[in-house]
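Counting from 32, one number per residue, gives the positions in the sequence shown under the working numbering.
Every residue gets a Cβ at the ideal spot worked out from N, C-alpha and C, and that includes glycine.
Structure first, then comments.
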Amino acid sequence: MADGAARRIHELSATLSNQIAAGEVVERPASVVKELVENALDAGATRITVAYEAGGVRSIRVMDDGHGIHRDDLALALRRHATSKIATAAQLQRITTLGFRGEALPSIASVARLTLTSATDGGSGWAISGGENGDPAPAPHPRGTTVLVRDLFYSIPARRKFLRAERTEAGHIDAVLRRLALGSPRVGLTWSASGREVLALPPGGPDQHQARVAAILGTAFMSHALAVAEQAGELRLSGWAALPTFSRASGDTQHLYVNGRYVRDRALTQAVRRAYRDLLHGNRYPAYLLYLEIDPARVDVNVHPAKHEVRFRDGRSVFDFVVSTLRRYLAQGGRAGGALSANRSISDTAVSAPHVAPAPGRPRSAPSPSVSGDLPAPRLTIAESRSVYDALAAESHSMQPTAQLLDDSEYLGTPLAQLHGVYLLAQNRRGLVLVDIHAAHERIVFERLKRSFKTGGIVRQPLLVPVTVSLEPGAMTALERAEPLLERLGVSVQVIGPGRVSIREIPALLASQNAEGLLRDLLSELSELDSSEVLDSALDSVVTRMACHGA
Ligand code: ADP
Ligand code: MG
């Protein structure tokens with residue numbers, strides 16, 4: 032640019048500013064689908080049909096039977112910051128619709144060819160294409176709206192290059208639609224890819240909700256899940272939480288909705304994890320589908336353009352409500368279903384899936400789901416399991432704050448036999464107790480680490496040969512932040528180059544074979560912590576992670 036000209040200011044054209052907004056709102060075809068279906072839901076549709084071709088890049092069509100758009104508003108719908116959903120600052124403080132920013136349609140129209148056809152009654156319809164300067168033309172349409180989006184990113188070839196294989200994009204669309212279908216269970220949602228129907232979910236009442244969840248998350252999830260419904264003042268939590276026996280190796284079955292909106296909220300995810308903490312191995316993920324309803328004035332959804340994040344006005348009470356509700360359901364539901372122990376001394380010591388055979392005279396409960404799910408458990412010798420058992424029995428007296436409330440029948444009792452090198456069968460006054468020796472060992476390491484942390488420090492052991500680890504930029508940042516904490520936890524690490532660190536010491540209580548795994552786990556655990564959360568309040572989850580490495 033010529034001298035001086037570089038410093039002059041001009042207003043961006045509408046197209047350019049829309050394309051800039053599209054950078055945030057329209058990441059890929061699935062984002063278009065999300066925005067269009069959310070608009071249909073906001074319009075009160077009872078049936079929505081989606082059809083896309085070539086992974087959504089060639090075309091996406093979303094049709095609904097909602098209230099439609101007035102002819103004179105069609106051009107406005109394509110103009111930036113034009114919306115029918117809010118009008119005042121007060122309304123922004125209590126959002127009840129999925130959209131409100133007035134950005135989606137103009138953004139999409141600036142990076143693809145968009146046609147909007149709509150009718151507010153059954154008679155006549157109007158269509159507009161070519162953006163906000165287009166002219167509506169008559170087009171017959173039943174009450175409702177159809178949006179057709181073709182040639183996504185034709186105007187931004189650089190963006191198009193970032194798209195993945197059609198199959199991958201189709202997978203993202205599918206995931207988005209499943210999420211939307213779970214978020215609005217009463218609305219009928221049908222979709223097809225390149226002319227082939229993928230899923231047809233009928234509209235329906237509350238009893239159909241369960242069928243829809245089973246269709247989307249699987250019948251196995253459903254049969255291992257507790258139905259949750261709890262209200263406390265203006266807060267309501269409902270949905271399904273799977274028993275610990277249905278834990279997963281990744282967080283792929285974790286669905287959270289706040290006022291019908293799918294969110295990925297760290298604090299809420301932490302809350303659920305905390306509720307499961309004593310019931311799951313540190314490396315297992317709970318499976319759940321939960322709906323939180325809250326007064327819209329108490330949650331801010333205007334945090335991110337794609338609105339995946341929310342901010343609660345009183346995060347602490349929401350957190351506590353979720354933790355305590357789920358804890359109670361897991362404890363009670365587990366007992367009723369026979370999947371969890373009624374024996375407090377064991378369930379409190381976090382044997383991952385403890386089972387108690389009913390005492391004589393007590394009615395038999397329903398058959399329990401398979402013990403400890405799909406966890407591969409290495410076999411132990413009888414001597415090994417005996418020594419773990421003895422340690423557990425000793426610890427269970429010393430670490431129970433509620434010990435004085437429990438009578439003798441609550442304790443582990445006398446060991447009888449070892450089963451499959453994995454479980455130990457014992458007997459107390461209430462009946463038989465089955466202990467998962469591996470999980471028990473983990474718990475013992477956990478308690479010892481926690482105690483030594485609290486009483487002046489974890490004993491560390493230098494590694495004979497320091498372990499060199501390459502870390503991604505994200506992990507390096509986490510490391511910088513967490514270094515003092517790691518030191519306190521008995522892990523000392525030295526940065527030896529860009530993205531390279533060397534592990535010098537680890538806690539003496541942990542086996543040293545996998546110092547790298549220990550470091551990576553701790554970093555991911557520590558990076559998930561809310562910055563406001565001090566280590567002491569998060570100590571349990573951090574130490575749980577560590578304990579896995581000692582077993
Ligand atoms: P927002 O949803 O944030 O208001 P959009 O750009 O997504 O912004 O949509 C702009 C406006 O167009 C909406 O406020 C709504 O009035 C109208 N609109 C969009 N899609 C539909 C639809 N499927 N049915 C009825 N009205 C719609
Ligand atoms: Mg919208």
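Backbone CA spacing between residue i and residue j [nearest angstrom]
i, j, result
"Asn314", "Ile489", "22 Å"
"Leu136", "Ser48", "13 Å"
"Val63", "Glu324", "26 Å"
"Leu248", "Ala113", "37 Å"
"Arg342", "Ala457", "48 Å"
"Val349", "Leu516", "27 Å"
"Pro169", "Ala280", "54 Å"
"Val387", "Val476", "Note that Val387 scores 31 on pLDDT, short of 50, meaning its location in the model is unreliable and no value can be drawn from it."
"Arg491", "Leu220", "57 Å"
"Glu69", "Ile117", "15 Å"
"Leu211", "Ala85", "21 Å"
"Leu553", "Tyr293", "28 Å"
"Arg125", "Val330", "8 Å"
"Ile527", "Leu550", "15 Å"
"His98", "Pro171", "15 Å"
"Ser141", "Thr46", "6 Å"
"Ala37", "Val524", "48 Å"
"His606", "Arg347", "Summary: the structure shown does not reach residue 606, with the chain confined to residues 32 through 582, and so no result is reported for it."
"Leu230", "Asp467", "41 Å"
"Glu261", "Thr356", "7 Å"
"Ser90", "Ala150", "22 Å"
"Asp104", "Thr148", "12 Å"
"Ala251", "Ala242", "12 Å"
Helix, strand or coil at residue i [DSSP, three-state]
i, result
"Pro188", "helix"
"Pro529", "coil"
"Asp283", "coil"
"Ser44", "coil"
"Pro432", "Reliability fails at Pro432, whose pLDDT of 36 lies under 50, so the model's placement of it is uncertain and no value is given."
"Asn545", "coil"
"Asn314", "coil"
"Gly583", "Because residue 583 is not part of the residues shown, which for the chain are 32 to 582, the question remains open."
"Asp571", "helix"
"Ile325", "coil"
"Pro493", "strand"
"Leu455", "strand"
"Val60", "Here the sequence assigns Pro to residue 60, which means Val is not the residue at that position. Here Pro60 sits in helix by DSSP."
"Ser348", "helix"
"Asp467", "strand"
"Arg358", "helix"
"Glu340", "coil"
"Leu540", "coil"
"Arg460", "coil"
"Ala390", "Confidence is the limiting factor: at Ala390 the pLDDT is only 30, short of 50, which leaves the residue's position unreliable and the question unanswerable from this model."
"Glu503", "coil"
"Gly270", "strand"
"Ala370", "For Ala370, the predicted model reports a pLDDT of 31, less than 50, meaning its position is unreliable; a value from the coordinates is still stated below. Here Ala370 sits in coil by DSSP."
"Val332", "coil"
"Ala170", "coil"
Beta-carbon proximity of residue i to residue j, cut-off 8 Å
i, j, result
"Thr146", "Ala158", "yes"
"Ala71", "Asp95", "yes"
"Ala61", "Glu200", "yes"
"Leu493", "Glu536", "First, the amino acid is wrong: residue 493 is Pro here, not Leu. Yes. Within cutoff."
"Glu163", "Ala52", "no"
"Val334", "Leu268", "no"
"Asp73", "Leu109", "no"
"Tyr288", "Gly236", "no"
"Val218", "Thr127", "no"
"His286", "Tyr319", "yes"
"Pro317", "Ala273", "yes"
"Leu540", "Leu480", "yes"
"Arg295", "His339", "yes"
"Tyr185", "Val259", "no"
"Pro275", "Leu310", "yes"
"Val303", "Trp271", "no"
"Leu502", "Val522", "no"
"Asp351", "Glu265", "no"
Assumed close pair residue i, residue j - CB separation to whole angstroms, cut-off 8 Å
i, j, result
"Leu183", "Val88", "5 Å"
"Ser572", "Glu556", "6 Å"
"Met577", "Pro538", "7 Å"
"Ala143", "Arg181", "6 Å"
"Arg102", "Pro167", "5 Å"
Below-8 Å beta-carbon distance, residue i vs any chain C residue
i, result
"Ala189", "Reference to chain C is not applicable here, since this structure consists of a single protein chain."
Please list the segments of the alpha helix (DSSP H) lying wholly inside the segment 226 to 260, counting only runs of 4 or more residues, in order along the chain.
237 to 248 and 250 to 254
Go through the segment 96 to 161 residue by residue and report every complete run of the beta strand (DSSP E) that reaches 3 residues or more, in order.
144 to 150 and 157 to 160
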